[in-house]
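S.K.: Residue numbers (our numbering), protein chains in the order written: chain A, 0 to 123; chain B, 20 to 320; chain C, 50 to 685.
Have a look at the structure that comes next, please.
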Amino acid sequence: MPIYRQIIDQIRYQVVTGRLKEGDKVPSVRELASRLAVNQNTILKVYNELCRQNVLKVERGDGTYVSSSKQSISVAERKKAVASVLREAATLAVQLELPVEQAGELLRKEYQNIVSQKAGRGKK
Amino acid sequence: MTEPAIKIEGLHFSYGKKHVLKGVDLEVPKGSIFGFLGRNGAGKTTMIKTLLGLQKPQAGRCLVGGLDSVTDTLEVRRRIGFMAEDQQMYGWMTVSRIIKWVAGFYPNWDDKFVDELAEVLSLPKDAKVKALSKGQNSSLALLLALGHRPDIVILDDPTLGLDPIARKDFLRHVIDLLQSNGVTVFFSSHLLYEIEPVADHIAILNDGVIIKACKTEQLRESVRKFALTPAPGADFSQVPGILDALKVGESVSIAIDGCDPAKKARLKEMSANGMTETALNLDEIFEAYVIGNRGRELTAH
Amino acid sequence: MRTSAIIHQQICQLRWHLLACAGLIMVLPIEEAVVGLWEGDGFHSIRMVYAVITFSPLLAGLIACANVQGDLSEKRYIFWRSKPANVKKLMALKFFVGLTLSLTIVACPLVFALVSTALCGEDLGWQTFKHYVPVPIVVAMMTYSLCFGCNVLVRNTARSWLIGLFLAGFALVIPLMLPLGFKDVVTDIGFRAFGFYPATIFVTSVAAFVFALYAAQHDWHLKTNLRELLWVGTGLVFLLLILFSSQVANIRVLDEKEVDGSRWAQGTLDKVGDRLIFEGLNYVDVGKRDISLHEIVSNGASVVNPPLYGNTGMNSQGHQVIYGPRAKGYITTSYPRRLNALYMDTEDGTYHFGIIAYFRLEGEGSRKEKVHEKVYLRSYKLVGNSWRVVDELNISDFIGDRVNYLRMAMRLIDNTLVACVNQSYVVADVTDPGDLRLIDKRLDALKGNWSLRHMDLQSEFDIPIIPVEGISIEERIKLSIDLRYRFSYFRNDIYKSSMVDTHNGKIAFFSVSEQGVAWFDVIRWDQKTAYCKFTSVRPFTILEGMIWAASSLHDRTFVENGKLYLSRQNTLLVFDVRVSRGIRKLGHFVRMDWNIEDIAVLDDGNMLLSAQWLDYMGAGHFEVRKRYLCLLKNPK
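Shown next, in the form of structure tokens:
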């Protein structure tokens, strides 16, 4: 996956999970580029893309802010994101000749694991 | 588009009978970070040496900032900052002494800037050069390359031998100190994954020729891999851009460059029963370009 | 480019080498001074200073090799080359900094010597100092340049040091060996042999320096390894040996015979009829590759008494005795100094002509001087087993005012004998050798002798022909030329062979000096004057010139069958003079411990050479211990 996609996904993930809240200021292009050791143009592209998706917004002369919460990401889009990752898993399953039922079973198990872990962490 | 920072035209270079560069053409846009990839021994260092005017090409020319690197060698070197592969400096000099020494060569050396740089790069000024760590050594080399505030910086495999942390630090400095100031960076490396995050453009040099030059994000998108079982009479040589083809039993796996719907459709026609498409990771892409067999294995049958 | 930064860099880069070199060069002088102090002689040094100064080229070379070594390792080279430095300027600066530093090192012991002797009030020996010191310093500078050049090319301190030293040695030795000397190139006969060295050193140094700059600029790099280097070195040494042998000993020795040297004789080789006589005592028979001697037997007894000093003969006990004025307090010299040189075979016996001079020794102790009083031209006849005087002409008035050294020459042309002492000559008819009939006698007729130094000559000059009756004009010209200049030049005693040679109907003659061999032609003549022209010169190479200049004994020069033979002390040179207008060297023969006495060219072209082997008896006195006869192949 190209770098800028990875960064977009990461920021969106943070927005979705609530780590970045509406109105939070995100780092400047320069700062983020330096922090991630990634080309500034890439970061610029990321911010532009996220602005287009209404995840971020640019306040003139003041920086970039989170414009919306998780709702702004449509279900369709979420599905698309998941699907893109699952495609690789599916390819592997086909290559290794794993029946679709068993593959589905695996997905379900992983899902439950993560949910239960999260719940456990929440208790502590 | 403005004049490119570096322009290389039809560059040929050989050491005696050994042809190292066989007609290299390249343009490095102003202000960009240009990743110059190639395996060890592909001719990267030779090309950079020629670029610096350290050796005369047998044919072709290099223009750096519009100046010919053969005829205007000194001016070219004055305008660029260069950091060599695995650069060794005078071990017995102290950091401040070597800075002074290098400063002597440049009429426009910026002492204040260098002090700031030393601060940012956290270089101990009184330490002897031989006592520096590898990371500090490359920081010092970077500092010495930047002290005269060049518009163009050439880095020849600068992260060679650095550990991953130092490597990341170094790349951060490149972004921070160079890109932020609008400096054109020509960055050679043999690691695609290292160069991808920082480079705007990428060129791959193999066996003395540039086999791919594009924007960084295009690189991933354009290379695709297809697995299919060829239909009888399929002639893959008609499909342009095959980088690598591998026969595994009945089926064939093909890496293709500049993948577009038309090529995809063509491949599909040749397939007996559909095909699967996968993206390649960076190493695979690099490998496909550099050691790909260009479909020879298929046409041999 | 900041000069001070570069100078600082060079000094730091070289600091250990400098310390080591300074230590090496100072340890011996200081030790000498300390020992001197210990022995109450004062803290000063001079002897050891000369010793260490001699080795200063080695140290200078070492500093040169270390000088930019630090800048030339592959990765560092890129480092500074990528900076906008003018490579030539930078390297030149480094070169001169290094040179200054090495000269400073070399100056240390010199200053030490100067200061310590001055403080102790010792005598420095300024003359020796002044003459000796510049030589190693100049050589050190050359070595420095060469090593610097090598280092830039080879980029390894030790190897470039070795190569540099080798080249320096080569540069100093090669001019001695090349068939093409510097003088051959410039054809300037006036160039002194030793003048070549400053030129060599200067040219080599500058060439090495310029080469180093270019090599650095263009990144020339010679990859070497020790084994290859050894091969190349061995090859070069062989090349040198071949060159050397071609210069000093390319005439092949066919046979060599040792002869008893204690006999009272001189190693003459004379042709009488078709036989060769050695020392007037033995016939020499020469085969293809061997020599054999047979005693000359006359009237049943061997000839043992060459008329060296007056009349000799056998006494009743069978010992050789000398009859002559010696008993009255005189010592004699004779001319030809070589025995039996002018022979004449007639029907009633063998005759021999000679000039005999008698002198006294005047003065005290070792500062005695010869004072000649009487000179005779004599003819001897072989009677029994001894030479007997049959006639004589008193020519004591020829001595003139040159009493302590007489120059003598004699020439037998048909039946006319010309004998010459100093600047006077006598012509006698010897049709009957027992009765010398005076034809002409001229006192001081050869006054105004000139030496034929070709470099002084105009291209055309003329020689007055001496008016001798009864011999052909060609012979007179030859005689005139010989007596005119050979006589006053060097110590050439002229007898059997002249340098004058008829060449393609012309008279050509040759002159030898320390600088070379010159060719002159007699272009036309009338009864009174011969008009001559300088034609060409074959300058000696330095090696030839040095051998030539080093020996002081008189030489032999003659032309036979188109070949010019020159011999002097331990060297024989053969030149081809048949080549139109040129002199080409054919061969060279040297025996360092020999003193060549005579050379005869045999009918088959080979050469027979007689030589003495001198034993040093101390106090400047030599004694002939052995004689050699040596059959040599004539070079083509």
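The beta-carbon is built from N, C-alpha and C at its ideal position, and this holds for glycine as well.
Here the structure is a predicted model, which is why all the values come from computation and not from measurement.
Residue ranges of each beta strand (DSSP E) run of no fewer than 3 residues wholly in the region 395–481 of chain C, ordered along the chain?
M.R.: List check, beta strand (DSSP E) in window: 398–411, 418–432, 435–443, 457–462, 465–470 and 473–478.
S.K.: Counting only beta-carbon atoms, is residue 105/B nearer than 8 Å to chain D?
M.R.: The chain labelled as chain D is not found among the protein chains of the depicted structure, namely A, B and C.
S.K.: Kindly list the residues whose CB is nearer than 7 Å to the CB of residue 77/C, restricted to its own chain and excluding five residues on each side of it in sequence; keep chain order.
M.R.: Only 97, 100 and 101 meet the Cβ criterion.
S.K.: From the beta carbon of residue 87/B, is the nearest beta carbon of chain A less than 8 Å away?
M.R.: So no, residue 87/B is outside the interface.
S.K.: Could you tell me if residue 377/C is buried or exposed, where buried requires 16 or more neighbouring beta carbons within 10 angstroms of its beta carbon?
M.R.: For residue 377/C, the pLDDT reaches just 30, beneath the cut-off of 50, and the residue's location in the model is therefore unreliable, although a value from the coordinates is still provided. Looking at its Cβ environment, which holds fewer than 16 other Cβ atoms inside 10 Å, residue 377/C is exposed.
S.K.: Establish whether the CB of residue 155/B and some CB of chain A are separated by less than 8 Å.
M.R.: Not closer than 8 Å to any Cβ of chain A, the Cβ of residue 155/B fails to qualify, so no.
S.K.: Does the region 182–199 of chain C touch the region 245–254 of chain C, meaning 3 or more C-beta pairs lie closer than 8 Å?
M.R.: In short, these stretches touch, since the Cβ pair count reaches three.
S.K.: Output the distance between the C-alpha atoms of residue 589/C and residue 613/C, rounded to the nearest integer angstrom.
M.R.: Distance between the alpha carbons of residue 589/C and residue 613/C: 14 Å.
S.K.: Measure the CB-CB distance between residue 180/B and residue 153/B and report whether it falls below 8 Å.
M.R.: Yes, the pair counts as a contact, with Cβ atoms nearer than the cut-off.
S.K.: What number of angstroms, rounded off, separates the C-alpha of residue 40/B from the C-alpha of residue 105/B?
M.R.: When rounded, the distance between both Cα atoms is 22 Å.
S.K.: Under the DSSP definition of a beta bridge, which residues are partnered with residue 332/C?
M.R.: For residue 332/C, which the question treats as bridged, DSSP gives the partners 326/C and 343/C.
S.K.: Pairing CB atoms from the region 283–291 of chain C with CB atoms from the region 148–167 of chain C, are three or more of them under 8 Å?
M.R.: Cβ pair count under 8 Å is below three, so no.
S.K.: When the Cα of residue 74/C is compared with those of 343/C, 111/C, 61/C and 51/C, which residue comes out closest?
M.R.: Among 343/C, 111/C, 61/C and 51/C, the Cα nearest to that of residue 74/C belongs to 111/C.
S.K.: Alpha helix (DSSP H) containing residue 75/C: first to last residue?
M.R.: Note, residue 75/C: alpha helix (DSSP H), 64–87.
S.K.: Less than 8 Å between the C-beta atoms of residue 424/C and residue 406/C, yes or no?
M.R.: Taking 8 Å as the Cβ cut-off, residue 424/C and residue 406/C qualify as a contacting pair.
S.K.: Taking the alpha-carbon positions, what's the residue 196/C to residue 454/C distance?
M.R.: Going by the C-alpha atoms only, they are around 54 Å apart.
S.K.: Please name the residue or residues paired with residue 102/B in a DSSP beta bridge.
M.R.: Its beta-bridge partners are 174/B.
S.K.: Is the beta carbon of residue 533/C sitting closer than 8 Å to the one on residue 495/C?
M.R.: Yes. Within cutoff.
S.K.: Compute the Euclidean distance between the alpha carbons of residue 44/B and residue 76/B, then round it to the nearest angstrom.
M.R.: Near 13 Å, if we compare the C-alpha coordinates of residue 76/B and residue 44/B.
S.K.: Look at the Cβ atom of residue 508/C, then the Cβ atom of residue 430/C, and state whether they are nearer than 8 Å.
M.R.: Not in contact: residue 508/C and residue 430/C (Cβ atoms no closer than 8 Å).
S.K.: Could you tell me whether the Cβ of residue 272/B comes closer than 8 Å to any Cβ of chain A?
M.R.: Cβ-Cβ to chain A under 8 Å: no for residue 272/B.
S.K.: Any contact of the region 198–207 of chain B with the region 243–263 of chain B, i.e. 3+ C-beta pairs under 8 Å?
M.R.: Cβ pair count under 8 Å is below three, so no.
S.K.: Just list the beta strand (DSSP E) runs in the region 50–106 of chain B, keeping only unbroken ones of 3 residues or longer that don't cross its boundaries, in chain order.
M.R.: Listed in chain order, they are 52–57, 78–83 and 99–102.
S.K.: Report yes or no: do the region 647–666 of chain C and the region 279–286 of chain C share at least 3 C-beta pairs separated by less than 8 Å?
M.R.: Flag = no, the region 647–666 of chain C and the region 279–286 of chain C do not touch.
S.K.: Taking a contact to mean a Cβ-Cβ separation below 8 Å, would you say residue 658/C touches residue 679/C in this structure?
M.R.: Yes. Within cutoff.
S.K.: Of all Cβ atoms in chain B, is any one closer than 8 Å to the Cβ of residue 204/C?
M.R.: Output row for residue 204/C: interface = no.
S.K.: Looking at the C-beta of residue 56/C, does it have a partner C-beta in chain B at a distance below 8 Å?
M.R.: It does not: the Cβ of residue 56/C has no partner Cβ on chain B nearer than 8 Å.
S.K.: First and last residue of the beta strand (DSSP E) that includes residue 220/B?
M.R.: Residues 220–225.
S.K.: Looking at the structure shown, is residue 126/B part of a helix, part of a strand, or coil, going by DSSP?
M.R.: Here residue 126/B sits in coil by DSSP.
S.K.: Between which two residues does the beta strand (DSSP E) harbouring residue 290/B extend?
M.R.: It spans 290–298 - the beta strand (DSSP E) in which residue 290/B sits, taken as one unbroken run.
S.K.: In this structure, what does DSSP give as the bridge partners for residue 263/B?
M.R.: DSSP, once it has assigned bridges, lists 274/B as partnering residue 263/B.
S.K.: Thinking just about the alpha-carbon of each residue, which of 56/A, 23/A, 26/A and 39/A is nearest to the one in residue 194/B?
M.R.: Ranking 56/A, 23/A, 26/A and 39/A by Cα distance to residue 194/B puts 39/A first.
S.K.: If residue 186/B sits next to residue 213/B, beta carbons under 8 Å apart, how far is it from one beta carbon to the other, in whole angstroms?
M.R.: Confirmed, about 7 Å.
S.K.: Please decide whether residue 114/C counts as near chain B, where near means a Cβ-Cβ distance under 8 Å.
M.R.: Cβ-Cβ to chain B under 8 Å: no for residue 114/C.
S.K.: Which one or two residues does DSSP pair with residue 623/C in a beta bridge?
M.R.: The partner list for residue 623/C (beta bridge, DSSP) reads 614/C and 636/C.
S.K.: Buried or exposed, going by whether 16 or more other CB atoms sit within 10 Å of the CB of residue 94/A?
M.R.: With fewer than 16 Cβ atoms within 10 Å of its Cβ, residue 94/A is classed as exposed.
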